[in-house]
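Peer 1:
Numbering (our numbering), first residue to last: -19 to 68.
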């Protein structure tokens, strides 16, 4: 339980930092990714409609070799101009 609380504290701190840096403004999914709704059933077999954690992200099915792996290039293509400074 202490480990779980420690992880939750770290997640809360990261979210606060990302919000302060303006990194959570706008869409959370990059271009080309699509959120897919997954129906979750409760103990009685009914579908739960209000479960916010019941989403999946569909990623690319094959690698894209024409995209640079350098952080500066990725940041420029996504319009995240402070990304490299935020990582380092």
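Cβ atoms here follow ideal geometry from the backbone N, Cα and C, with glycine treated the same way. Predicted model, so just to flag it, every value in this text is computed and none were measured.
Can you give me the C-alpha to C-alpha distance between residue 39 and residue 9, rounded to a whole angstrom?
Peer 2: Those two C-alpha atoms are separated by around 10 Å.
Peer 1: Just the Cα atoms here: how many angstroms apart are residue -4 and residue 47?
Peer 2: Cα to Cα, the separation comes out at about 30 Å.
Peer 1: Let me know the secondary structure DSSP gives residue 50 once reduced to three states.
Peer 2: Coil at residue 50, not helix or strand.
Peer 1: Give me the Cα-Cα distance between residue 60 and residue 41, rounded to the nearest whole angstrom.
Peer 2: Answer to the nearest angstrom: the Cα atoms are 24 Å apart.
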